[in-house]
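Report on the structure given below.
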Amino acid sequence: MKHYYRIGEISRLYGVGPDSLRYYEELGILKPHRGENNYRMYHIHDLWRLNVIRDLRELGFSMAQIQDYLQNRTLSSTEELLTRELSVIQERVNKLEELKANIEDRLQVLEEIQNQPLGVIEQKELKARRCYTIPSGYQIDEEMDMLIKQLINKNPDKLYIIGNNRIGSVIPLNKARNGAYHDYSQVFIIDKSGDETIPAGTYLTVSYNGSSDNNQIYIPAMFDYARAHGLTPAGPVLELLLADIHQTEQETERRTELQILCR
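FYI, this note's numbering numbers position 241 of the sequence shown as 241, with every residue one higher than the one before it.
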């Protein structure tokens with residue numbers, strides 16, 4: 001069995017490109033000899049280093065960590081290195097679990113939206129909901145997009161847009177009674193870590209597909225329903241974006257839910 005191997009042979013054997021081998025040499029991790037015509041020649045006694053490099057790279061270690069390890073190897077340092085990396089991996093696992101739960105929540109929301117009845121006014125007992133708000137009105141959708149971004153920034157690690165059915169706008173009750181169905185006073189996003197609260201109580205709710213122009217149909221219908229059932233609207237109109245331009249380009253698929261607190 002020969003004791004020296006050229007860079008091409010080592011590259012094929014270990015699946016490592018020649019540029020990477022030269023980089024290892026620059027770091028001082030590998031120290032090839034120079035053979036005829038100044039060719040790099042790797043001694044068989046140095047190949048264990050490539051085994052270590054390949055193994056640790058597959059575990060996600062940086063070259064700086066590997067370089068330090070190769071220069072200071074003991075059973076204690078090996079245990080410390082692996083223990084530290086295990087902690088890093090566990091953090092990644094935790095983040096992936098959070099991401100998985102996030103995606104599952106979004107899929108559940110989309111399924112619930114598609115199974116929701118349309119154009120039907122209902123009475124619902126809703127619990128108090130924590131939320132973040134921005135006390136700013138808007139006139140066009142592009143302004144709402146900027147406000148949504150500001151809402152997401154309230155808790156960027158947890159809040160998201162796609163598949164979120166908790167983003168909405170507020171239409172003051174007096175404005176809605178006077179036919180100003182797009183006169184928004186603030187926007188909100190429902191989140192359990194929010195610093196404000198949407199009160200619990202009996203709400204009239206209705207969902208529809210299409211543009212918010214449908215507010216002029218359904219908000220008066222909700223007021224009529226309240227009178228017919230002996231209810232008094234006591235809160236602003238909440239306009240929740242169940243599915244908007246972020247989820248679908250088809251206007252006929254866009255879904256809005258209106259909610260009005262009643263006494």
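Glycine included, each C-beta is placed from N, C-alpha and C at the ideal position.
query: Stretch-stretch touch, CB-based, cutoff 8 Å, three pairs: the segment 97-112 with the segment 189-202; result: no
query: Close beta carbons around ARG73, own chain, < 7 Å, minus the five adjacent residues each side; result: none
query: CB of LEU151 within 9 Å of CB of ILE134, strictly; result: yes
query: Same chain, Cβ closer than 6 Å to LEU261, neighbours up to 5 away in sequence not counted; result: GLY201, TYR203, ALA234, GLY235
query: Cβ separation of ASN209 and ARG254, assumed to be a contact under 8 Å, to the nearest whole Å; result: 6 Å
query: CB contact flag (GLY179, LYS154, <9 Å); result: no
query: LEU30 to ILE7 span [Cα, whole Å]; result: 12 Å
query: Whole-Å CB distance - ILE66 paired with LEU56, under 8 Å assumed; result: 5 Å
query: Beta strand (DSSP E) runs contained entirely in the segment 173-216, provided each spans 3 or more residues; result: 186-190, 196-198, 201-209
query: Paired residues, beta bridge with LYS149 - DSSP; result: According to DSSP, which records beta bridges pairwise, LYS149 is partnered with nothing at all.
query: Where ILE113 falls: helix, strand or coil (DSSP); result: helix
query: The beta strand (DSSP E) enclosing LEU159, as first and last residue numbers; result: Segment: none, LEU159 is in no beta strand (DSSP E) and carries neither H nor E.
query: Residues near LEU59 by beta carbon distance below 7 Å, same chain, minus five either side; result: GLU85
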